[in-house]
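Have a look at the structure below before the remarks.
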Amino acid sequence: MYKLNTLPWDNRFTTLPSDFYSYVKPRKLEGNPHWISFNKEAAKLIQLDSNEVNNPDFLDFCAGGNYPKACQPLAMLYSGHQFGHYNPQLGDGRAIMLGETQGWELQLKGSGITPYSRSGDGRAVLRSTIREYLCSEAMHYLGIPTTRALCIVGSEENVYREQIETAAMLLRMAPSHIRFGSFEIFFHRQQFDLLRQLANFVKRYYYPYVNDYLNLLTEVVQRTAKLIAQWQLVGFAHGVMNTDNMSILGLTLDYGPFGFLDNYNAHFICNHSDHQGRYAFDQQPYIGLWNLNCLAHAFLPLLDDDPNAAVEKAKSALQQYQPTFQQVWQMGLRQKLGLIHEAATDIDLMADLLVVMQDNQVDYTIFFRRLSLLKQADTSQDSILRELFLKHEDFDAWAIKYRQRLKQERQNDEQRKIAMNMVNPKYILRNYMAEQAIQQAEAGDYSEIDKLLKLLQSPFDEQKDNEHYANHPPAWASEISVSCSS
Ligand code: AMP
Ligand code: MG
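In my numbering, the protein residues as written are 86 to 571.
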């Protein structure tokens, strides 16, 4: 196990020329920096001794203070399409990569201004770090690719948003934080040599099994399609799917105004500033492809010297999106329904269900978890499912089709239940849960954060003492409003 002063640093990103980043020192949190939460599971990824939490130097490191000499803190440069419009220069405006250890980049979010901060203050407020910390870990344990989170440090430093709040820092980790926008910027500046260097870097270290740029692009297309299919299956809405928030590794990246579905609503918009619903829940699969189009466009100079041939190659990569998405989504929905064999009617069965769930304001997570309790040959115990529907007969009508379909399977009720409970989580991070943890933390009590972290690390397990977290959200939950960067 390593301590802060023995961690081996290996900053591969700095082997790229300085066109890709700016060296910049974090600005330490002022006003009594203190631990808000430390995630032992993430510490294991870099073999960090959890007792380091008792080391004041380690707290200092996570608060943007002293860092080991071998760290080379830097902010990455990128651009991106934001809400459909190209923004020629973004970059890490409030995140600094401290260094890389054992294949994990350690990035401190909220660590002060960088050359890319524009008018921002480079800080992050406590509430936004708590949301990212809890959700990224929740996603990981749901089996969805994501950045991870090691810890949060809070402070008494004031930051000004709609009201005065306190600054905090989140230490997040990913094999790479390179985004679609990291490529777009060099394409739009017509710096094709730099574009090639970046692609070579990504190919060499993160996709060593691909043989050319077309293959690389195709892999990114497939990973992104798979990622978004997984979001749809679990009912996750990202909220700000700008291309600067799209990971080249197919990770869920940059948690802002995200939200999990409570009642099923295809048009769910979790970001209150997204007035057009560009990033509504049911738009995510299309936006994923739209974003990949931006990436593919940036890849054109790499794909072929002949522009027409390059376009054809880009199209061939993009054509992998829909089949990959469909395959993951369809397999996932069969699993959600507890079906092993494939039947052509399964898609309709699911589509019909989603329509009645939407009409009847049925909670997405609760429904699928309870569906595992349905008895194939006995309708007398259906009430726990029927009661979730405003019109009970809507459930009954769907259940007839579902039971017919179950007859084609060879599993018994118990086997189906076990299989379904492995894919339909009991616990998700509902907005109100994060909100409660935030309110308590703002009042100085951080225990709810740790409690939720532990809860969400086993989302598929029955947890006797935590049953209440599996209930419907309270009425006040619908009033919570979240919007972009904070
Ligand atoms: P986001 O919507 O969080 O993905 O951020 C979009 C861009 O704004 C990125 O370049 C961020 O680094 C930058 N940004 C967001 N908040 C701040 C802030 N408080 N200070 C400086 N830059 C910021
Ligand atoms: Mg971002």
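Virtual Cβ for every residue (Gly too), placed ideally from N, Cα, C.
The structure presented is a predicted model; accordingly, all values stated were derived computationally and were not measured.
Among the options, which one has its Cα closest to the Cα of residue i?
i    : options                : result
L458 : A526, L422, S213, A402 : L422
Q525 : N300, M254, R212       : R212
I469 : N556, K311, E499, D444 : N556
K360 : Y163, G324, N140, K194 : Contrary to the premise, residue 360 reads as His rather than Lys in this sequence. Nearest of Y163, G324, N140, K194 to H360, Cα basis: G324.
L183 : A383, N151, A522, D347 : N151
D278 : F105, G529, I485       : F105
N551 : Y512, H225, D479       : Y512
L263 : R274, N285, M254       : Rather than Leu, the amino acid found at residue 263 in this sequence is Ile. Among R274, N285, M254, the Cα nearest to that of I263 belongs to N285.
N172 : I270, C220, C147, A252 : I270
F345 : M331, L438, I451       : I451
Q496 : L538, D145, H426, P260 : H426
E520 : F343, D391, L424, Q412 : F343
L380 : V306, F453, E137, A310 : V306
G373 : N330, G178, V508, A383 : N330
N378 : D134, H166, S107       : H166
T112 : R490, D145, G176       : In the sequence on display, residue 112 carries Arg and not Thr. Selected option, being the one with the closest Cα: D145.
S196 : H477, G239, H170, R216 : G239
W420 : P392, P408, N506       : This sequence places Gln at residue 420; Trp is not what is there. Among P392, P408, N506, the Cα nearest to that of Q420 is on N506.
Q59  : H273, L114, L537       : Residue 59 cannot be examined here, being either before or after the span of the chain that is shown, 86 to 571.
L473 : M442, R501, Q500       : M442
G116 : Y517, M254, A522, D389 : M254
Q315 : M416, V447, V295, P293 : M416
L256 : L537, T309, T199, A180 : A180
P102 : M161, N327, D481, E137 : M161
T337 : F265, N509, E242, F453 : F265
L434 : L114, E137, N296, Y487 : Y487
C569 : T91, F168, L114, K110  : F168
S164 : P230, A310, S267, P260 : S267
H119 : P559, Y292, A252       : A252
T309 : Y298, L334, V295, N327 : L334
L280 : L387, A148, R97        : L387
D481 : L424, K492, Q466, E494 : Q466
L456 : T430, Q368, V508       : V508
E250 : L514, P230, T214       : T214
Would you list the one or two residues that DSSP bridges to residue i?
i    : result
V210 : A252
G335 : None, per the DSSP bridge assignment.
I181 : L193
W120 : V238
N243 : T251
K172 : According to the sequence as given, residue 172 is Asn; it is not Lys. Note: N172 sits in a beta bridge opposite G165.
Y108 : L159
A259 : E190
A322 : G344
T231 : T337
R264 : S332
D463 : K460
Y87  : L133
D448 : N348
Beta-carbon of residue i versus every beta-carbon of chain B: anything under 9 Å?
i    : result
R179 : No chain B is part of this structure, which consists of one protein chain only.
For review: beta carbons within less than 7 Å of any heavy atom in the ligand AMP:
L175, G176, D177, G178, R179, A180, I198, Y201, S202, R203, G205, D206, G207, R208, A209, V325, N327, D329, N330, D339, G341, C569, S570
Is it a yes or a no for the segment 458–476 touching the segment 559–570, going by three-plus beta-carbon pairs under 8 Å?
no
If we count Cβ pairs, one from each stretch, closer than 8 Å, do we get three or more for the segment 115–128 versus the segment 231–250?
yes
At least 3 beta-carbon pairs within less than 8 Å: the segment 315–333 vs the segment 395–407:
no
Answer yes if the segment 126–141 comes into contact with the segment 181–193, meaning at least three C-beta pairs across the two stretches below 8 Å, and no otherwise.
Contact between the segment 181–193 and the segment 126–141 is present, because at least three Cβ pairs lie under 8 Å.
Three Cβ pairs or more, each shorter than 8 Å: is that satisfied between the segment 243–256 and the segment 154–169?
The segment 243–256, when compared against the segment 154–169, does not touch it at the 8 Å Cβ threshold.
Mind the definition here: the segment 296–310 touches the segment 192–209 only if three or more C-beta pairs lie below 8 Å; say whether that holds.
no
Between the segment 362–369 and the segment 401–415, do three or more beta carbon pairs fall short of 8 Å?
no
Check whether the segment 288–304 touches the segment 350–358, taking contact to mean three or more Cβ pairs, one atom from each stretch, closer than 8 Å.
no
Can we say the segment 536–555 touches the segment 214–225, given the rule of at least three CB pairs closer than 8 Å?
yes
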